[in-house]
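For the sequence shown, position 336 matches number 362 in the numbering used here, and the numbering has no gaps at all.
Cβ coordinates follow ideal geometry from the N, Cα and C atoms, glycine included.
Just so we're clear, the structure is a prediction, and the values are computed from it rather than from any experiment.
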Amino acid sequence: MFSLSHLSAGFIAVLVGYTSSAAIIFQAAAAAGASQAETGSWMWALGIGMGLTCIGFSLRYREPVLTAWSTPGAALLVTALAGVPMSEAIGVFLFSSALILLCGLTGWFDKIMRLVPAGLAAAMLGGVLLKFGLDLFASAQTQPLLVAAMLATYLALRRRLPRYVIPLSLLAGLLVAGGDGLLRFDDFEWQLARPVLMTPEFSLTSLLGVGIPLFMVTMASQNVPGIAVLRAHGYHTPASPLVGWTGFTGLLLAPFGGFAFNLAAISAAVCMGKEVDPDPKQRYKAAVWAGVFYLLMGLFGATVVGLFAALPGELVMAIAGLALLGTIGNSLTVALADERERDAALLTFMITASGLALFGIGSAFWGLVIGGGVHWLNRRRH
27 MFSLSHLSAG FIAVLVGYTS SAAIIFQAAA AAGASQAETG SWMWALGIGM
77 GLTCIGFSLR YREPVLTAWS TPGAALLVTA LAGVPMSEAI GVFLFSSALI
127 LLCGLTGWFD KIMRLVPAGL AAAMLGGVLL KFGLDLFASA QTQPLLVAAM
177 LATYLALRRR LPRYVIPLSL LAGLLVAGGD GLLRFDDFEW QLARPVLMTP
227 EFSLTSLLGV GIPLFMVTMA SQNVPGIAVL RAHGYHTPAS PLVGWTGFTG
277 LLLAPFGGFA FNLAAISAAV CMGKEVDPDP KQRYKAAVWA GVFYLLMGLF
327 GATVVGLFAA LPGELVMAIA GLALLGTIGN SLTVALADER ERDAALLTFM
377 ITASGLALFG IGSAFWGLVI GGGVHWLNRR RH
């Protein structure tokens, strides 16, 4: 059954994903020497891959499973692909996706995730999302009226119309932005993207120097928090099939520029809150809508980036923060509920929120490792 709250949550999830990191994708493509047509093909492959996996996973398991491109992976590629020919870059993408597929087929990832306590998973999720909550108020420094209007709408309607409060807050922001002349459509053009098949070449140097780090970053900084988001919201979708299919999708679309597919964390949380639907079993419909929007993004490629660029950054930051407020609060509640594990959960939360990065691996992984170590010591002590 059609619901505006499902549609709006799916749209906002895609909005958050694209506006937060699409520019990094263009930088990564440029580092590999991509032409304009090849860059458009990258966006086509990523949108199609994410759209099909979102829809397929969510309908298969009837749970809100979102996929995304690897943002840390793209950031890695910006520097790692400098001087690497496009053909070798495609070989790297295939190699990394094959390793991800192997993890899914062997079941290693599923076994590891069963060892992660729910409190630590919730703490890591809270740390990942905290920045978005803080950005809500940071954006008020430059656009106080815009953010105030959106926040006031949210506070006034969150109990009366919980399923529609986010789209109505977005509408309030658009009205204020339009009235203040903040919407910029000067460079906006409708243009379909066309896939470009790029032949791979395999270089041992590139595979070891770029392929393995891309695989590690995607697994540790994307798939681990992606599964943690599902677990923190009470969904027990098997991890290994999800990871395996994202790797298989990468193998199919890497020759067109699909450098890495993985489970989403931040954007996925948008589709899992009570505002989406009071019934957790119905929230998968929001993820299906996100898949539809991903497909549209892929078909229109760079055109979509121009559309998002027309929106003021403060509006995007504010709507993302508002959409995730409930999830942040729920994560902290679950994380700190058990007093005996509170120190482990608190460490996980703070390390994840700090943005610490070691050996090219993001803070979510290290928060879970260190928090998990403290959790293990506590269990031994008791």
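Proximity to V400 across T374, T378 and A379 peaks at T374, based on C-alpha coordinates. According to DSSP, T93 shares a beta bridge with L289.
When rounded, the separation of the alpha-carbon atoms in G324 and A71 is 7 angstroms. Judged by DSSP in its simplified three-state form, L384 adopts strand. Going by DSSP, M224 is part of no alpha helix (DSSP H) at all; its letter is neither H nor E. Here L160 has G347 as same chain residues with Cβ atoms under 8 angstroms from its own Cβ, once five neighbours each way along the sequence are excluded. The Cβ-Cβ distance between S165 and M343 falls below 7 angstroms. If you look at S195, you'll find it in the alpha helix (DSSP H) that goes V191 to G205. The beta carbon of Q62 lies closer than 6 angstroms to none in the same chain, with the five residues before and after it left out. G327 is a Cβ neighbour of A219, given a cutoff of 7 angstroms. In the three-state reduction of the DSSP assignment, H259 falls in the coil class, being assigned neither a helical nor a strand state.
Taking all protein chains in view, the Cβ of L146 is crowded by 16 or more other Cβ atoms within 10 Å, so the residue is classified as buried.
Secondary structure at L107: coil, using DSSP grouped into helix, strand and coil.
In the displayed model, W216 falls within coil according to three-state DSSP, outside both helix and strand. Only buried fits D303, as 16 or more other CB atoms lie within 10 angstroms of its CB. In summary, L384 is exposed, with fewer than 16 beta-carbon neighbours lying within 10 Å of its beta-carbon over all protein chains present. Closest in alpha carbon position to A198, among L181, R210 and D212, is L181.
S389 places its beta carbon 7 angstroms or farther from that of G398. Here the stretch 281-288 makes contact with the stretch 243-252; the two share three or more CB pairs at distances below 8 angstroms. With contacts defined as CB atoms closer than 7 angstroms, I116 and P281 qualify as a contacting pair. Looking at the backbone, the Cα of M176 and that of G204 are separated by about 14 angstroms. The C-alpha of A349 lies about 34 angstroms from the C-alpha of E64.
CA-to-CA, the gap between T329 and W315 works out to about 20 angstroms. DSSP places F211 outside both helix and strand once states are collapsed to three, so it counts as coil.
Remark: fewer than three beta-carbon pairs, one from each stretch, lie closer than 8 angstroms, so the stretch 123-143 and the stretch 75-89 are not flagged as touching. By the 16-neighbour rule on beta-carbons within 10 angstroms, E340 is buried.
At the C-beta level, G273 and I81 stay beyond 7 angstroms of one another.
For L102 and F241, the gap between their C-alpha atoms comes out near 11 angstroms.
Here the C-alpha atom of F37 lies approximately 28 angstroms from the C-alpha atom of F119.
Judged by DSSP in its simplified three-state form, E114 adopts helix. Counting of Cβ neighbours within 10 angstroms places R366 among the exposed residues, the total staying below 16. A Cβ-Cβ separation of about 6 angstroms places A124 in contact with L277 under the 8 angstroms criterion. Non-local C-beta neighbours of I354 in its own chain, meaning closer than 7 angstroms and more than five positions away in sequence, comprise G152, L155, L156 and G159, ordered along the chain. A direct Cα-Cα distance of roughly 24 angstroms separates S31 from F163. The beta carbon of T275 lies closer than 6 angstroms to those of G75, T79 and F287 in the same chain, with the five residues before and after it left out.
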